[in-house]
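First the structure, in the form of C-alpha cells, and then the observations on it.
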DNA sequence: CTTGACCCTCCTGTCACTGGAACCTTTATA
DNA sequence: TATAAAGGTTCCAGTGACAGGAGGGTCAAG
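Protein chains in written order, with the working numbering: chain A, 2 to 130; chain B, 2 to 130.
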C-alpha cells in the first residue's frame, strides 16, 4: 500500500504518517521508485497509534505502549502505570479548565454585552478591588 | 522598577516579561544602562496579562482584551464576544478530555496490573474485536 | 504525449514560552 | 580597592506534534 491509501485507511494525514516514520515509530519498506510501501503490520501500528493519540497519550507514551504491545513478555502493570499516569494528567487538565470555565462563565453572565463600555470582565482582569 | 522586581511583583517569569515586550504587549522605558524601567502602567498591564492568561486566553486574545481595556469608548459586547468564544473553546476541550477520561478509566479499571502480559488496555489500542 | 494525481525531500512556521551562552552593570563584601 | 555575586542585556535554539508549501520525480489514463 502507498501512503495515500494508508492515509484513508487509517484516518491519519499523510504528513503525520511521514512524521511517524521520521521519529522511528514505524519503518515501512521502500519501493524502487522511493515510494514507501506499507505492510499490514505497519498499518496495524498506525491504527494503534491513532487510537492511543486519540486518548491523548503523548508520542513518547505511544512509543512505550507500542513497545509493550510488541513484547509478549510484558507485565500488564507496566501498561497500567502508563495509563494511570496519563489519567492523572487528564484529570489535572480537566480541573484546570473547569476552574477557568467557572470564573469565566460567571464573568460572561455578568457582562451586559451592549454598546456601553462598562464591563465586569475587564474589571476583573484589571484587578477589580 | 527593574525586571526582577517586576517579576516577583507580578508573578510572571523574567523571560515571559521580556517576551511580552518582544511581541509588543508592553513597552517599558529604558535607563541609560540599557535596563528596562517599568512604570506603574506597565506593571498593571502585566498583571492584567497574567490574569487573562490564567483564564486560558491566547496571547492574541490578550492583545485584543488589553486594547479594549484601554479604549474608554469600547462596547462591552466586544469584550463579551471574545470571552464567550473562549468559553466555547474551553467547553470543547473539557468535553474532549472527558471522553478520553471515560474510556481510559474504564480500561485502567479493567486491567489487572500484575506481572502477566494479558492487558485490556493494549487489547483496545490494538483494535480488540 | 500530455495531464493530473500521486509521491518524494527539505525548510519553515505554529504557540507561548524556556534554557543557555556570552557579555555588561551594579552592589556587597574582604 | 579588588573582586565576586547578583542582577541586567541580546541572541539563538528547543519544546510537541505536526501543517504548509516549494520544487521536484513518478505513474496511470486518455
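For every residue, glycine included, the Cβ atom is placed at its ideal position computed from N, Cα and C.
Straight through space, the alpha carbons of residue 91 of chain B and residue 58 of chain B are spaced by roughly 10 Å.
Across the structure, residue 123 of chain B and residue 89 of chain A are spaced so that their CA atoms are roughly 19 Å apart. Take residue 69 of chain A, set aside five residues on each side of it, and the residues of its chain with a beta-carbon closer than 7 Å to its own are 75, 79 and 80, in chain order.
When the Cα atoms are used, residue 53 of chain A and residue 99 of chain A turn out to be separated by approximately 24 Å. Residue 37 of chain A and residue 31 of chain A do touch by the CB rule: their CB atoms are close to 6 Å apart, below 8 Å.
Between the C-alpha atoms of residue 14 of chain A and residue 29 of chain A there is a straight-line separation of about 16 Å.
Using a CB distance below 9 Å, the part of the region 112-125 of chain A facing chain B consists of 112, 113, 114, 115, 116, 117, 118, 119, 120, 121, 122, 123 and 125, ordered along the chain. Residue 104 of chain B sits away from residue 83 of chain B, with the two beta carbons spaced by 7 Å or more. Chain-ordered, the chain A residues with CB closer than 8 Å to the CB of residue 91 of chain B read 98, 101, 102 and 105.
Residue 48 of chain A belongs to the set of residues whose beta carbon lies under 7 Å from a beta carbon in chain B. About 6 Å separates the Cβ atoms of residue 115 of chain B and residue 77 of chain A, confirming a contact at the 8 Å cut-off.
Taking C-alpha positions only, residue 97 of chain A is separated from residue 20 of chain A by approximately 31 Å.
Residues are counted here when their Cβ sits less than 7 Å from a Cβ of chain A; for the region 69-81 of chain B these are 69, 70, 73, 74, 75, 76, 77, 78, 80 and 81, given in chain order. Counted as a single uninterrupted DSSP element, the stretch harbouring residue 27 of chain B is not any alpha helix (DSSP H), since DSSP gives it neither H nor E. Beta-bridge partners assigned by DSSP to residue 38 of chain B: B/30. The alpha-carbon separation between residue 85 of chain B and residue 117 of chain B amounts to approximately 49 Å. With a 10 Å radius around the Cβ and a threshold of 16 neighbouring Cβ atoms, residue 129 of chain B comes out exposed. Residue environment analysis places residue 87 of chain A among the buried positions, since at least 16 neighbouring C-beta atoms fall within 10 angstroms of its C-beta. A direct Cα-Cα distance of roughly 24 Å separates residue 119 of chain A from residue 27 of chain B.
In the structure shown, residue 63 of chain A adopts helical secondary structure according to DSSP, grouped into three states.
Contact of residue 56 of chain A with chain B is assigned, a C-beta pair being separated by under 7 Å. Taking every protein chain shown into account, the CB of residue 43 of chain B has 16 or more other CB atoms within 10 angstroms, so this residue is buried. Interface flag for residue 95 of chain B against chain A is set, since a Cβ pair is found closer than 7 Å. Counting the other Cβ atoms within 10 Å of the Cβ of residue 9 of chain A gives fewer than 16, which makes it exposed. Closest in C-alpha terms to residue 107 of chain A, from the list B/56, B/110 and B/72, comes B/56.
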